[in-house]
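Asker: Chains as they are written, first to last, in the numbering used here: chain B, 864 to 1026; chain R, 864 to 1026.
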DNA sequence: GGCAATTGGCACCAAATGGGTGCTAATTGG
DNA sequence: CCAATTAGCACCCATTTGGTGCCAATTGCC
């Protein structure tokens, strides 16, 4: 199903909140107070983001989370990868995970494996070309996102030099 | 999760086979003989594609399926919509389905709804800009797919006038 | 007319996935 | 020492998904 998990949704909400709180250490409680989300699941998401190096954290009484990098350096692709695994489109392309149980039966004659690989790369480029900052920028159109994904090495959205 | 269902995979395999068998009526049995798939599920996929007007069918002894249109006129978007519903990215954007149980709690203050709507439109453009024919064309790169999605009204891939 | 092959429709079951919670340990500021 | 916080892990329940059973309706062919 082409739908993000709640974990990812909550993680994105938290990340945008952190992006708006740069310079501070933000406890999970604060995010849970501002948005009506199940705090525990929110906490799980932030733990995952910490393990992936997207946020950093401090334990203890005045502890909390903050972005490990600027919002323009964090891509949607890595957030999704951290919270629910990279998009695979098909189960047979989940190369990273334990693909132990042998390969797909169809693979030797599969007519869609290679085409869907290309499509997956297109979607991946779209997600890698979109940063937290560009997500938060309401003036960017879907077409802008596609254009940025087409030339991912040049200037990912959100990284334009400050005007 | 950003992964197609088996139903969609099987449907795409069947559609590509039908595209390679234009002018014939192809029974499900034939597809099941060429690709090692559970025939019954394959049949369910084709029924759904028929209901969506993507394939046409003939009952009876010499019955079977064929594409309702040329492979260049069938987009990935409509195939996915027919087999597993249109991509929503988030559950709160499933406008079509019975969204009866009231809206998302977060919506009034949700910081990701609008951004993810734009991203969803980008993905949708990518899927609507990719036809069965362009899928089957091995020379098209992911960048080509993105470029075609950027200008969906001009010339969807696979519809270039025959050289 | 009857038979065999086929699509059409529906209900159902088992396994996987996802959302959510309980509990406890480790850290740290006051 | 206490309270607030992150870290880790195990577990349960609802939903989704993959797959099957069964039978009706249609149609070519003998």
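A virtual CB, placed ideally from N, CA and C, is assigned to each residue, including glycine.
1) Using a cut-off of 7 Å between C-beta atoms, extract the partners of residue 984 of chain R located in chain B.
2) Taking the C-alpha atoms as reference points, what is the distance between residue 963 of chain R and residue 980 of chain R?
3) DSSP three-state label for residue 920 of chain B, please.
4) Rounded to the nearest angstrom, what separates residue 1007 of chain R and residue 920 of chain B at their Cα positions?
5) Can you check whether the C-beta of residue 962 of chain R is within less than 9 Å of a C-beta belonging to chain B?
6) Just to confirm my understanding: we take residue 884 of chain B, look at its own chain, exclude 5 residues before and 5 after, and list those with CB closer than 8 Å. What are they?
7) Would you check if the distance between the CB atom of residue 994 of chain B and the CB atom of residue 938 of chain B is smaller than 9 Å?
8) With respect to the alpha helix (DSSP H) encompassing residue 930 of chain B, which residues constitute its N-terminal and C-terminal limits?
9) Check distances from the C-beta atoms of the region 898-910 of chain R to those of chain B and list, in chain order, the residues that come in under 7 Å.
10) Put residue 972 of chain B into one of helix, strand or coil per three-state DSSP.
11) For residue 868 of chain B, decide whether its Cβ has a neighbour in chain R, counting only Cβ atoms nearer than 9 Å.
12) Using a Cβ cut-off of 7 Å, which residues of the region 965-977 of chain R contact any Cβ in chain B, in chain order?
13) In terms of residues, what are the limits of the alpha helix (DSSP H) holding residue 943 of chain R?
14) Check each candidate in B/944, B/1002, B/975, B/966 and name the one with the smallest Cα separation from residue 991 of chain B.
15) Select from R/925, R/903, R/893, R/881 the residue whose C-alpha is nearest the C-alpha of residue 918 of chain R.
16) Can you list, in chain order, the residues of its chain with a C-beta nearer than 6 Å to that of residue 940 of chain R? Leave out the 5 residues immediately preceding and following it.
17) List, in order along the chain, the chain B residues whose C-beta lies closer than 7 Å to that of residue 993 of chain R?
18) Quick check on the burial criterion: 16 or more other C-beta atoms within 10 angstroms. Buried or exposed for residue 997 of chain B?
19) Suppose you measure from the CA of residue 987 of chain R to the CA of residue 926 of chain R; what does that come to, to the nearest Å?
20) On a Cα-Cα basis, can you pick out the residue from R/902, R/886, R/896 that is closest to residue 931 of chain R?
21) Which residues, taken in chain order from the region 912-938 of chain R, show a beta carbon closer than 7 Å to some beta carbon of chain B?
22) Do we get a CB-CB distance below 9 Å when we pair residue 1013 of chain R with the residues of chain B?
23) List, in chain order, every chain R residue whose beta-carbon is nearer than 7 Å to that of residue 954 of chain B.
24) Is the beta carbon of residue 897 of chain B sitting closer than 9 Å to the one on residue 972 of chain R?
25) As an exercise, report each continuous alpha helix (DSSP H) stretch of at least 4 residues that is fully enclosed by the region 884-918 of chain R, in chain order.
26) Which bits of chain R does residue 988 of chain B rub up against, with CB to CB less than 8 Å?
27) Taking the straight line between their C-alpha atoms, what separation do you get for residue 904 of chain R and residue 892 of chain R?
28) Shortest alpha-carbon distance to residue 915 of chain B belongs to which of B/968, B/934, B/948, B/966?
29) Could you tell me how far apart the beta carbons of residue 966 of chain R and residue 983 of chain R are, in whole angstroms, since I believe they sit closer than 8 Å?
30) Would you call residue 1004 of chain B buried or exposed, if buried means 16 or more other Cβ atoms sit within 10 Å of its Cβ?
31) With burial defined as no fewer than 16 other Cβ atoms inside 10 Å of the residue's Cβ, what is the status of residue 878 of chain R: buried or exposed?
Answerer: Taking the geometry as given:
1) 1005
2) Any answer about residue 963 of chain R is weak, because its pLDDT of 46 lies below 50 and its placement is not dependable; what the coordinates show is given next. Looking at the two C-alpha atoms, the distance is approximately 20 Å.
3) strand
4) Taking the straight line from one Cα to the other gives about 41 Å.
5) Because residue 962 of chain R sits at a pLDDT of 49, beneath the cut-off of 50, its placement in the model cannot be relied upon, and the point is left open.
6) 929
7) Residue 938 of chain B is positioned such that its CB atom lies closer than 9 Å to that of residue 994 of chain B.
8) Counting along the chain, residue 930 of chain B falls outside any alpha helix (DSSP H), though it belongs to the beta strand (DSSP E) covering 927-930.
9) 898, 899, 900
10) If DSSP states are grouped into helix, strand and coil, residue 972 of chain B belongs with the helices.
11) yes
12) 968, 969, 972, 974, 975, 977
13) The continuous alpha helix (DSSP H) containing residue 943 of chain R extends over residues 939-947.
14) B/944
15) R/881
16) 990, 991
17) The answer, in chain order, is 982.
18) buried
19) 34 Å
20) R/886
21) none
22) So yes, residue 1013 of chain R belongs to the interface.
23) 866
24) Contact flag set, yes.
25) 891-897, 902-914
26) Contacts between residue 988 of chain B and chain R, judged by CB atoms closer than 8 Å, involve 1005, 1006, 1009 in chain order.
27) 12 Å
28) B/948
29) Not confirmed; about 17 Å, so no contact.
30) exposed
31) buried
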